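Protein chains in written order, with our numbering: chain A, -5 to 92; chain B, -11 to 102.
Below is the structure:
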C-alpha cells in the first residue's frame, strides 16, 4: 500500500511534468484527427490519442498511488485496439462481421 | 515508501517515455503521407507508453498493479503493430496513393498504370 506524500519531491515533479507533456501531445494529435486529408489519417491520429491516454492513466496512477488506474489503462488499450481493427475492416469491406 | 534507486528509475523512465511520445507526435504532424505517419506513430508511441508502464511496475512492485503493468507492456507490443498493419492494408485497398517512386512489393510500372 502506497500512502500519499511519501514520494520524494522530484518524482512528484516528474510525474506532474509528464502529465502536462502527454496532455499537450493529445491536443496536437487532435489537429491531425480533424485536418487529416484521408480517413486512415484520422484513424492513425485517434489511435495515437488512445495510446497517449493510456500513458496518462498510468501517470495518474503514479500520482495518486491508486493501482486501479493501471487496470483502467489496460482496458483503454484494449478498447483502442478493437476500435482500430473494426474501423480498418469497415473501411475496406463495408462490414465488420461477415 | 520508495527507495532512492526506485525514485531515480521512475524519473528516468518517465523522461524516456515522454521523449518517445513527443517524437511520435511530431512525426504524425510533419510527415507527408498516411504510410509515413503510421510508421512514425506506431513504433515511438509503443516504446514511450511501454516505458511509462515500466515506471508503474517500478512504483507498484512485483505484485498486483505491477503485474498489470507488465501485462500492459506485453499487450501493447502485440497489438499496436497489428493495428498499424491493418490500417496500412485498409489505406492501400482504399487507393490512397503512395509517394512518388514508391511501389508495392513485386509490382511493376505497367501494373500501376493499368
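Built from N, CA and C at the ideal position, the CB exists for glycine as well.
Since this is a predicted model, take the numbers as computed values, not measurements.
Taking the CA atoms as reference points, residue 35/B sits about 10 Å from residue 29/B. Taking residue 46/B as the centre and dropping the five residues before and after it, the same chain places the C-beta of -6, -3, -2 closer than 6 Å to its C-beta, in chain order. Taking 9 Å as the cut-off between beta carbons, the residues of the stretch 24 to 41 of chain A near chain B are 25, 26, 30, 31, 32, 33, 34, 35, 37, 38, 39, 41, in sequence order.
The Cβ of residue 59/B sits closer than 9 Å to at least one Cβ of chain A. About 7 Å separates the beta carbon of residue 82/B from that of residue 86/A, a gap short enough to meet the 8 Å contact definition. With respect to the 9 Å criterion, residue 53/B and residue 33/A are not classified as neighbours on the basis of their beta carbons. Residue 41/B has a beta carbon lying within less than 9 Å of a beta carbon in chain A. Taking 9 Å as the threshold, the shortest C-beta distance from residue 88/A to chain B does not fall below it. For the stretch 53 to 74 of chain A, the set of residues with a beta-carbon nearer than 9 Å to any beta-carbon of chain B comprises 53, 55, 56, 59, 60, 61, 62, 63, 64, 65, 67, 68, 71, 72, 74, in chain order. Where residue 32/A is concerned, there is no enclosing alpha helix (DSSP H), because DSSP gives it neither an H nor an E.
For the alpha helix (DSSP H) assignment, the uninterrupted runs of no fewer than 4 residues enclosed by the stretch 33 to 84 of chain B are, from N- to C-terminal side, 53 to 82. A buried status is given to residue 41/B, since no fewer than 16 other beta-carbon atoms sit within 10 Å of its beta-carbon. Counting C-beta pairs closer than 8 Å gives three or more between the stretch 28 to 45 of chain A and the stretch 5 to 18 of chain B, which meets the contact rule. About 7 Å separates the beta carbons of residue 75/B and residue 78/A, which is inside the 8 Å limit, making them a contact pair. Rounded to the nearest angstrom, the gap between the Cα atoms of residue 16/B and residue 70/A is 21 Å. At a cut-off of 9 Å between beta carbons, residue -7/B makes no contact with chain A. Look at residue 89/B here: in three-state DSSP terms it is coil, with no helix or strand label. Of the residues assessed, residue 57/B falls on the buried side of the cut-off, its CB having 16 or more other CB atoms within 10 angstroms.
With a threshold of 9 Å between beta carbons, residue 87/B makes no contact with chain A.
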